[in-house]
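Engineer: End of the sequence shown = 425 in our numbering, gap-free, step of one.
Here a beta-carbon is modelled for each residue, glycine too, at the ideal position from N, C-alpha and C.
This is the structure, below, for whatever I ask next.
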Amino acid sequence: MTLTLTPLPANVSARSLLPNTDPATGIVTATGRPTRHAWAIGQTILAAMGIRLDLTGSGRRHGQNLELLQAWLDAYRVRVLVIRHATNIHDYNLLNDLVHVTAATGTDLALTCDDTGGSQLADWVDLRGGSIDPDFAPLQARLAAVTRPSLGPGVDNAADTLGTGQPDDSDADFPVFLPRVDFYAFRARCRDLLTPAQHQQVDDHYRTVFKAVADDPFATNEEATTRFSELVAATSHVGKALVTARAAQAAMFTHGILFKVNLDYFLNAINDVENRRLTPAEVRALRAYRTPWRAAAVILRDADLTRDHVTALTVAHVTPDGDLTGVRHAPMHPGARVYLRAQRTFRLIQGAEPGSPLLTESNRSIVQAQRRAAVDLNLPNVKNHEPSNTTRSDRWQQNLGVALLPLRTAHIPDPATTKTGAPQ
2 MTLTLTPLPA
12 NVSARSLLPN
22 TDPATGIVTA
32 TGRPTRHAWA
42 IGQTILAAMG
52 IRLDLTGSGR
62 RHGQNLELLQ
72 AWLDAYRVRV
82 LVIRHATNIH
92 DYNLLNDLVH
102 VTAATGTDLA
112 LTCDDTGGSQ
122 LADWVDLRGG
132 SIDPDFAPLQ
142 ARLAAVTRPS
152 LGPGVDNAAD
162 TLGTGQPDDS
172 DADFPVFLPR
182 VDFYAFRARC
192 RDLLTPAQHQ
202 QVDDHYRTVF
212 KAVADDPFAT
222 NEEATTRFSE
232 LVAATSHVGK
242 ALVTARAAQA
252 AMFTHGILFK
262 VNLDYFLNAI
272 NDVENRRLTP
282 AEVRALRAYR
292 TPWRAAAVIL
302 RDADLTRDHV
312 TALTVAHVTP
322 DGDLTGVRHA
332 PMHPGARVYL
342 RAQRTFRLIQ
352 GAEPGSPLLT
362 ESNRSIVQAQ
372 RRAAVDLNLP
382 NVKNHEPSNT
392 TRSDRWQQNL
402 GVALLPLRTA
412 HIPDPATTKT
422 GAPQ
């Protein structure tokens, strides 16, 4: 950890020289504000990291702000914390607190001020063994050396590799109102009722699904449930999901099998976005929570852990990199690990042992946090009544009501032995 003070030109906006940064890049930039409270400076930096102070859980226990700041700095692997206009912080005890926090996380603390003042701040930096830059260039070089590329929404391909089902923008123009008829009449009725352009969209998707299922038909109910879920994992469009279901039914019919599905539940679940996992943008949105346990609770549910498993997790179940160990779970998006790292670090700061619970909140509070996240951040809805011993994907697949019914009997009588009619 190094401490530096950099004078900036007084005739140039400090924000233009040091704009706000994404904490995932390894750099956090905040503006110093006059205050006498340690929690206030922690709150200022947390807000600069993307935490929203108007969300649930942000307006209580301000005494934990510095501990939370340390947890988030460690979780994001922040290399440099930049404070613009550090001369606004008149109480040097607050700067001492920042030095302790950054020293604990191995983060460099870079203070800046106008080149027309800051002599007292320079004396404090010198007293703490820091260095004073002659101009902006050394700080600029240090920031460029440690900056990591930020994986923003839509930049990485993690959603495709993990099957998180990132919605396709092409779904926006797909027809919504489609005929509710049986699969054998669906395609013809669409041709009769839709415009040529709409029918072309529907038919193209129908053919794609039909060929995929016809070439490799479902063998068992379990396989049918899993593969059918994968077919609709990338859409939250009810119309497209209906076409997928009818095409799969028609394809299985060509193999002499009736593919049954609870269509009403299926379409309602698609409308409530129960069929897919969180997208990269939705995972990123969880950084708005000040307390990491709320984001961790949502991530653990998305990773297909039951409520009982979530409450049973200990600090030892999370590695320093934010991976889950010793428990079965679905693959997690790379951006989700930061929330588990933050919660693990925060619990260790509080003095938790490896065998201590990862989440100290009650089962009821965890469920309420998961539901509240759907409202706060527009995430997929969480049902009011969910069993505590089943996973999200199990509930979705079980309620689909998938069944494969053969259309051929096990024994076909010999025509020679059947009665063909009255003797002549």
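What is the residue span of the alpha helix (DSSP H) that Arg247 lies within?
Structural biologist: 239–254
Engineer: Regarding Thr221 and the ligand HEM, is the C-beta to nearest heavy atom distance less than 8 Å?
Structural biologist: Of ligands this structure carries none, so the ligand HEM is not represented either.
Engineer: Tell me where the beta strand (DSSP E) around Phe260 begins and ends.
Structural biologist: 258–261
Engineer: On the three-state DSSP scale, how would you describe Leu95?
Structural biologist: helix
Engineer: Between which two residues does the beta strand (DSSP E) carrying Thr108 extend?
Structural biologist: First-last for Thr108: undefined, no H or E at that position.
Engineer: Using only the alpha-carbon positions, how far apart do Gln121 and Leu95 sit?
Structural biologist: 15 Å
Engineer: Quick one: what's got a C-beta closer than 7 Å to Pro176's C-beta in the same chain, skipping five residues either side?
Structural biologist: Same-chain partners within the cutoff: Leu195, Gln199, Gln202, Val203, Gly240.
Engineer: Please give the ranges of any beta strand (DSSP E) in the stretch 9–60, keeping only runs that are unbroken, at least 3 residues long and fully inside the region.
Structural biologist: 28–32
Engineer: Taking the alpha helix (DSSP H) that Ile90 belongs to, which residues open and close that run?
Structural biologist: Neither: Ile90 is in no alpha helix (DSSP H) and is coded neither H nor E.
Engineer: Where does Pro293 fall in DSSP's three states?
Structural biologist: In the structure shown, Pro293 sits in a helix (DSSP, three-state: H, G or I).
Engineer: Is DSSP giving Pro135 helix, strand or coil here?
Structural biologist: coil
Engineer: In whole angstroms, what is the alpha-carbon distance linking Pro381 and Gly119?
Structural biologist: 50 Å
Engineer: Quick check: what's the CA-CA separation for Ala235 versus Val102?
Structural biologist: 42 Å
Engineer: Under 8 Å Cβ to Cβ from Gly27, same chain only, skipping five residues before and after it: list those, please.
Structural biologist: Tyr77, Arg78, Val79, Arg80, Val81, Val147, Thr148, Arg149
Engineer: State the Cα-Cα distance for the pair Ala251 and Arg396, rounded to the nearest angstrom.
Structural biologist: 26 Å
Engineer: How far does the alpha helix (DSSP H) with Ala186 in it reach, from first residue to last?
Structural biologist: 184–194
Engineer: Identify, in the order they occur along the chain, each residue of the same chain with its Cβ nearer than 7 Å to the Cβ of Thr326, setting aside the five sequence neighbours on each side.
Structural biologist: His318, Thr320
Engineer: If we call anything under 9 Å between Cβ atoms a contact, is Gly356 one with Val316?
Structural biologist: yes
Engineer: From Leu349 to Leu360, what distance separates their C-alpha atoms?
Structural biologist: 12 Å
Engineer: Classify Leu128 as buried or exposed, calling it buried when 16 or more other Cβ atoms lie within 10 Å of its own Cβ.
Structural biologist: exposed
Engineer: So, for Thr57: in the same chain, excluding its five sequence neighbours on each side, which residues have a beta-carbon less than 7 Å away from its beta-carbon?
Structural biologist: Arg373, Asp377
Engineer: Have a look at Gly166 and Arg277 and give me their C-alpha separation to the nearest angstrom.
Structural biologist: Because the pLDDT at Gly166 is just 46, under 50, the model does not fix this residue reliably, and the point stays unresolved.
Engineer: Residue range of the beta strand (DSSP E) that Leu74 falls in?
Structural biologist: Note, Leu74: premise wrong, no beta strand (DSSP E); alpha helix (DSSP H) at 66–76.
Engineer: So which of Arg302, Val368, Val214 has the shortest CA-CA distance to Ala248?
Structural biologist: Val214
Engineer: Quick check for students: name the residue ranges of the alpha helix (DSSP H) that lie wholly in the stretch 311–378, counting only runs of 4 or more.
Structural biologist: Fully enclosed alpha helix (DSSP H) runs of 4 or longer: 338–350, 364–377.
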